[in-house]
Every structure is written in structure tokens, then in C-alpha cells.
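To start, the structure itself, in C-alpha cells.
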Amino acid sequence: MFRKICFFAGGLFAATSMNALMAEDTPAPDFTTDQLTEAFGYVVALQSGFKELGFKAKDAPLIAKGLARALADKVPSPDMMSIIQSSAFQSFMEARISKAQAKVDVQSEVDAQANIDAGKVFIEGLKDDAGVQASESGLHYRILEAGDRARPTLNDTVLVHYKGSRIDGTPFDSSYDRGDPATFPLSGVVAGFGEGLTKIGAGGKIVLYIPSELGYGNNPRPGGVIQPGDTLVFECELLEINPDS
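The numbers in this note's numbering rise by one with no breaks, and the one at position 233 of the sequence shown is 1266.
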């Protein structure tokens, strides 16, 4: 439980977070030790998750009292550890964490719906483009080159070069950038991507417009570029069907 609290905000001294707090081109003026120590406390408060856990400025004296005891004790205080290890403390923190998570979940749902709505507007705009086709599933796609007559099925494995982006153009993945095409079974990727590659043969190229429900929905990989509810755009080049078979 103690580790969970300490790392609630993703790491107290994550280098990227520290850099985000500091202006890169700011000259280094002289500061007193007291100012630097106070700044350290400020960073602790910003990055520890205190605010997310519902602590207010009025709680600072008690938090500071606990910090002072921890810094003064050569070994952990038995009486404080008995509190920390108690069911009362666990319930106290779990209630705060649960409330904080509920706020995150609500905001995530709001953000996801906004992305879903933006995706619907984007997809609707594709209907005016004669070069864009649509399937019954809601997948939209533009075939740039049809490739060979033989088409893969969802039971096949393919070798593909691809790059993906959000509808605002933000890239999130590219085998081209890595210089290494990807091999995967079409049954093992998101529904829109798998279906889309069945529309072309080897040597073919296609652009896929994948609505959220055929992509990652509201549950993309945490911390990635793809956001809940995102409609995705993939540019794909099908190199081989069942490579090395």
C-alpha cells in the first residue's frame, strides 16, 4: 500500500515530469538553500498525487509533521508504522484513491465521447469523396493499388508496411520509420485493420479509416498516443500473404 501511495502519480522524480516543470532556456539565477528546499517540497506536492488524492492546503501541516518525523527518525517509527499497517489507514487511503479514480474515469468517458463525436464528423466528411468506399461494418477505405487478385482472409498471416495516425494527423506508429515491416495474423489485430487488409492483394496499398468501435474503443494502451474513442487512419502496403509459408 505504501508503494502504491508513493508512486500514485507515476513516479515522484520522473525525468520527463521534471523537465516539463522547468523552462529549457531559463538562465540559472542564484537561490538560497531555503528556496531550493521549499521548491523541493513544491515538486513533491505536484508529483506525489496529493491533490488527486483530495488533500488540501489545510492538510499541509499534518503532512509536514509526518515528513518531519520520517526525516528525523533513523529507523521507521514503530507507532507510525503501526498506523500505516492498520486497516484504518488502508481504508482511509483506499477511499481517497477510489474517489480520485472515479474522477479520472468520468473525465475519460467525457474525453472518449468527444473523440467519438469528432470521429463521426470525420467519417461523415468522407462520404463526399468518391474514392472512399465503406463496408457494412462501418469501415471506410481508399484503395490506392489493388495488388494481386488473391486476397487474404482473417485466417491468414500477412507482411505489412504501415503507418497510423489520429484524425488530427498525430502519428502513433510506423513500420516505415522502423524500417521493418510487420508480420501478424489478421485475426490478431483490431477489427478494422484486419478487415481492411482483406480488400487488397499482395502489392496493394490502401488507406483505412477505422472508427473507434472497430479500433481500440475506449481502452487503448495506457500512456500511448491513441486516446479513448479515437478514430484511426492507417496507410498500409500489403507485401506478402502468409510469408515464409
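Think of the CB as a built atom: it goes at the ideal place given N, C-alpha and C, for glycine as much as any other residue.
Values in this document were obtained by computation on a predicted structure and should not be read as measured data.
Check whether the Cβ atoms of Ala-1215 and Tyr-1195 sit closer than 8 angstroms, and answer yes or no. yes
Taking just the CA atoms, how far does Pro-1204 sit from Glu-1268? 11 angstroms
Taking its Cβ as the centre, do 16 or more other Cβ atoms sit within 10 Å of Phe-1083, making it buried, or is it exposed? buried
Indicate the three-state DSSP secondary structure (helix, strand or coil) for Lys-1102 in the structure shown. Here residue 1102 is Arg; the residue named in the question, Lys, does not match the sequence. Helix at Arg-1102.
Return helix, strand or coil for Tyr-1242, following the three-state DSSP convention. strand
Measure from the alpha carbon of Gly-1197 to the alpha carbon of each residue in Asp-1206, Thr-1190, Asp-1189, Val-1191, then state which is nearest. The shortest Cα separation from Gly-1197 among Asp-1206, Thr-1190, Asp-1189, Val-1191 belongs to Asp-1206.
Relative to the C-alpha of His-1173, which candidate in Glu-1273, Thr-1264, Lys-1091, Thr-1066 has its C-alpha closest? Thr-1264
Cα-Cα separation between Ile-1176 and Pro-1261, rounded to whole angstroms: 27 angstroms
Please state whether the Cβ-Cβ distance between Gly-1087 and Ala-1133 is less than 8 angstroms. yes
So the alpha helix (DSSP H) Leu-1272 belongs to, where does it begin and stop? Unbroken run through Leu-1272 is the beta strand (DSSP E), 1265-1274; no alpha helix (DSSP H).
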